[in-house]
Each structure stands twice: as structure tokens, then as C-alpha cells.
DNA sequence: AAGTGATTTAACCAGTTGGTTAACGCAAAG
DNA sequence: CTTTGCGTTAACCAACTGGTTAAATCACTT
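Residue numbers (our numbering), protein chains in the order written: chain A, 147 to 344; chain B, 147 to 344.
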């Protein structure tokens, strides 16, 4: 049985694909219409303009990109190490299912930094505070929280945004790079423990 | 005294700025002409087409982006740790002078992976081989060379491509982020020693 | 001064782009 | 059966885009 997909949703799906592949200025309304299997005028009927359509797609993708970790972070039964482990686990899984997401968000934000409004931002402060508390308590080694988080997030994201360059420089074929991505989770988690465990 | 700048060079400089700011599809030939202070027809007189002009700019920027480390890597007077230290030192300095370079290269390569031809690629193999040799000799700890290099390069590049997102999430103002970039070098070098020193 | 080749300009052009419009189809409501 | 309002379409449009052209200007040689 076929699930009915509304025209609106077909447009959003197509727009997502095209914007991620081509970026805002590279994307063409006609291309989105074709991919959605509809008339170009429908795009403007449902979403007034290219800008509006892009805003919606971007906000949706941004939500996906920002880790939803409030519940994990606030779970008192978990140590900081366990929390970070869970974060890396979930985040790397999500990225493997959306490998082009990071480049889409990062490159869009680079040309349009004010777009950040559409995102939930709170968890940054929480993590920093959490790290500082644990350092005070002496349960983890003393590190610079921002430098540490920059490295940690970079370790998750860079394999995806840097893939073409990295696999060219180190002459890694598709399968070899896939293997690296598979093993990345353990590697990052080992890094966390190695850096933080007293 | 004023140094004469050829029209050709003025165009290249302007094209570089515009392509880096806007990307290929976002860049406009008229904008490049305006920035170079010349007529649009001159662009086509000196460089046949937008594609040709972009290719030149990209190849030039790619050369800048790829670290030139042959001499350092092959200097037998330096230990691997010293070589990596020197690499990080030089590379982070270069990036601080060209903060938008990484995003330009990475996003272009993501949409156009075959452009890699224009780059010198050899140093990847050398570094991997070097790391494996040192592991054999027991002078550094046993690590997965590719995972290690992915982390190391990511540590250098991510602060630049991820800046807008990161500074928003952690609510870092310009000065705070600049400080982090300043301290990044030491942080990366400390990481290298911490991971590799037996 | 006239010729010559490279450089520069304004005007132009055809194709593309985001966006609009007016008519049409069609199901539900009256 | 007619009306009403949403969904859909083809045709259209003005602005913009990369690219061209023919004439003008400049620097230099003869």
C-alpha cells in the first residue's frame, strides 16, 4: 500500500536534497520542482519565494544538526565520561546517516552567520559548566573546556566535511574511508577517556 | 611610490575575494569586475570564462592550502614529534592569515571532488609511513595513523570552518574566539605529545 | 605622422532565473 | 446543478547572467 505524501512534503523533500547538494545560490527552483514531480508555480504557491523555502529547509536541518542532549546531560546517574560517550555515540550515528549535513550547515553559516537564531543553543553553556564542575571536584583532569570541546566536536564533524580532501591526500578508497568512519566512534571515545581520566 | 599592479593581477585578486566570499555559483562576474575597478569585458579578455577564472583561482588557493612540508618531513635531524610540531606551527599560522581558505577549499571539493588533480598529494603517504616506522621502532605509542592524522588535521582546520556555529553554541564573542585561536597551537602540540610520547 | 598591435570600453545578446498571472479542474457545500 | 475555494497548470515576464562585438584608445615602432 502506498502512503500518500502531500505536495507540500514532496516539495520540502526535494528542496532539501537540492539545497544540500547545490547550496542556496547553486540550487534552481526548476530543479526542485522537477525532483518533486510538480510544476514550478507550485513552489511559489506553497512557499512564497526561494528565500522562504530555504529558510524552512535550513531551520529543519539545523535542528537535526544540533545535538539533542539535554536529557542525557541532566541525567544524574551518568558520569561526565558516560555522558560524553553517549553524545559521541548518538552524534556520530546521526552524521553517518546524514553525511552531507555538516557541510551544508557549516558553509551556509559561514556566508550567513545570523541564521543561527533558528537553533537551540543552550547546551553549550551546560557542557562547559559540567566540565568545570568536574574539574573542581577532581574527577577529571584539568583541561581548557573550550579547547577540549572544539577538538571533540571537530573529531566528529571533520571526517565528514573534510572527506574529499582527506581521502585524496591519503589515497583512501571508498571502502577504506568507510572503515575509518566505522572505527571513528571508538577512537573518539578512547580520546575522551585518555584526555579526561585522572 | 606606488607599485604598478597589472590588470591581470587586479582581476585575480578581486576574483579570489569574491569566489571565497560567495562560492562559485554565488559569485558574479560583474562583482569581480567592480572590485577590480575594470570593465566586465576585461574579465573575458584575460580569462575566457567564469569557469577558467575559477579554475585558476582554485588551483592557486589549493596550493596555498596544501601544506608544503617535504623539507621538514625529510630532515633527518628532527624527531617525528618535532616534525609534527613544526607542521602545526606553520599550518596554523597560515590558516590564521587565511581564515576563510579552509571553507573555500572544503566546500568546493565537496561539490567537485575531481578538482583534486591540481594539488600536490604525496605528503600524505610519507607521513603515514613515518608514523608506522616510529611505531615499529617503539619511539612513539601505537596509534592508528589515519585516525590520528584525521584528528590532527581536524584540530587545525575545524576551528576555522566551524567558527560561526561553535562561537554561537558557546556564546563566544569575537575576542574570546580570537584568544582560543591564539592558544590553539599550544593545545594541538600538547595533544600530539600526550598521544604519541611513550 | 602613420601604422600596428595590445588594451579598454559601451552597447548588445541570447539564455536563464525567480516569480506572476489567468485560466482550468475538481471535490465538497449549498 | 451550481457555487465556492483550494490545488494545479501553461504561458508569460522582467531582471539578471555569462559572454560577445565592434569601435575606440593607448603605447610604441617605423
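Backbone N, C-alpha and C define an ideal beta-carbon position, used for all residues, glycine too.
In this structure, residue 269 (chain B) and residue 203 (chain B) do not form a Cβ contact; the two beta carbons are roughly 23 Å apart against a cut-off of 8 Å.
With contacts defined as CB atoms closer than 8 Å, residue 200 (chain A) and residue 170 (chain A) qualify as a contacting pair.
A direct Cα-Cα distance of roughly 14 Å separates residue 172 (chain B) from residue 249 (chain B). The beta carbon of residue 240 (chain A) sits no closer than 8 Å to any beta carbon of chain B. Boundaries of the alpha helix (DSSP H) around residue 310 (chain B): 309 to 315. Neighbours of residue 297 (chain A) across chain B, judged by C-beta separation under 9 Å: 297, 300, 301, 304, 333, 334 and 337.
Going by DSSP, residue 153 (chain B) is part of the alpha helix (DSSP H) stretching over 153 to 172. Taking 8 Å as the threshold, the shortest C-beta distance from residue 267 (chain A) to chain B falls below it. Interface flag for residue 292 (chain B) against chain A is set, since a Cβ pair is found closer than 8 Å. Taken through DSSP and simplified to helix, strand or coil, residue 222 (chain A) comes out as coil.
The beta carbon of residue 317 (chain A) sits closer than 6 Å to no other beta carbon from its chain once the five residues preceding and following it are set aside.
In this structure, the CA atom of residue 295 (chain B) is about 11 Å from the CA atom of residue 315 (chain A). Here residue 192 (chain A) is not near residue 254 (chain A), since their CB atoms are 8 Å or more apart. Neighbours of residue 344 (chain B) in chain A, taken as residues at a C-beta separation under 9 Å, are lacking, since the least C-beta distance is about 14 Å. One alpha carbon belongs to residue 219 (chain A), the other to residue 276 (chain A), and they sit about 9 Å apart. Chain order gives the chain A residues near residue 317 (chain B) as 267, 270 and 271, where near means a beta carbon separation below 9 Å. Taking a Cβ-Cβ cut-off of 9 Å, residue 205 (chain A) has no neighbours in chain B, whose nearest Cβ is about 14 Å from it.
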